[in-house]
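Report on the structure given below.
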Amino acid sequence: MIKILLFAHLQEELGKDKLEVELDSISVGELKTKLKDTYSLTQLDQVMVAINEEYAINEDVIKSGDVVALIPPVSGG
Numbered sequence: 584m585i586k587i588l589l590f591a592h593l594q595e596e597l598g599k600d601k602l603e604v605e606l607d608s609i610s611v612g613e614l615k616t617k618l619k620d621t622y623s624l625t626q627l628d629q630v631m632v633a634i635n636e637e638y639a640i641n642e643d644v645i646k647s648g649d650v651v652a653l654i655p656p657v658s659g660g
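Heads up: the sequence shown is residues 584 to 660, going by the working numbering.
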């Protein structure tokens with residue numbers, strides 16, 4: 584099982600701050616595609632991804648037991 588933490592607009596879109604998916608392993612890019620298809624999350628292309636508190640790229644592999652954070656870009660003023 585992979586635990587996914589959601590922040591900012593992703594949290595608002597789904598109405599929850601975390602998801603759990605039953606997968607043994609998946610790449611970051613594949614996970615983004617799965618989340619787009621399953622939950623209609625449309626703005627995942629600019630989202631930063633961290634696996635177990637370390638930033639990751641689309642080719643990195645997420646394994647069962649990992650915690651993934653999806654962090655949208657932040658703007659301020």
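Beta carbons are placed, not taken as given, at the ideal position from N, Cα and C, and that holds for glycine.
For residue i, which of helix, strand or coil comes out of DSSP?
i           : result
residue 624 : coil
residue 646 : strand
residue 617 : helix
Could you compute how far the alpha carbon of residue i sits from the alpha carbon of residue j?
i           : j           : result
residue 657 : residue 607 : 31 Å
residue 651 : residue 601 : 10 Å
residue 621 : residue 635 : 23 Å
residue 623 : residue 633 : 21 Å
residue 631 : residue 610 : 14 Å
residue 616 : residue 628 : 10 Å
residue 647 : residue 603 : 10 Å
residue 638 : residue 649 : 13 Å
residue 586 : residue 625 : 20 Å
In or out: residue i buried (at least 16 other Cβ within 10 Å) or exposed?
i           : result
residue 640 : exposed
residue 644 : exposed
Determine the contact status of residue i and residue j, defining contact as a CB-CB distance below 9 Å.
i           : j           : result
residue 588 : residue 618 : no
residue 605 : residue 584 : yes
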